[in-house]
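For reference, the structure discussed in these notes is given below.
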Amino acid sequence: MILVEPEVWWTQVGGALWWRRWSAPRYAAHVWMALPWLEIPFTDTFVDDGILEDELDDWDAGRFMLQGETLAVEWLSPKESRELAITEFDL
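Numbering (our numbering), first residue to last: 17 to 107.
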């Protein structure tokens with residue numbers, strides 16, 4: 017099972033207190049995985065903005081690449097995703 021959560025962050029580029037300046041936003045995907053057939057009960061990783069677009073294309077095409085293996089993607093509804101996050105990943 018794989019759970020993908022979007023991540024957005026900014027970096028402080030100057031200033032202090034109330035007059036801080038921030039970078040442009042950066043986007044990533046926080047990927048949580050439970051892969052029992054690989055004897056990995058739980059792990060997570062970040063897909064950063066450098067390769068995120070290619071990964072999103074794969075996911076949209078129904079593919080998830082992991083260690084040279086292609087897995088099929090089945091998207092769940094927001095409700096089902098939330099239930100998965102709670103029951104399988106304790107999030």
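Where is the CB? At the ideal position from N, CA and C, for every residue including glycine.
Since the structure is predicted, the reported quantities are computational estimates derived from the model, not experimental observations.
Query, Result
"One or two residues paired with E85 in a DSSP bridge", "L82"
"Three-state class that DSSP yields for A44 in the structure shown", "strand"
"For Q102, the first and last residue of its enclosing alpha helix (DSSP H)", "In the sequence under discussion, the amino acid at residue 102 is Ile, which differs from the Gln named in the question. Looking at the DSSP string, the run of the alpha helix (DSSP H) that includes I102 is 94-103."
"Rounded straight-line distance, which links the Cα of R79 to that of A101", "20 Å"
"Local conformation of E71 per DSSP, three classes", "helix"
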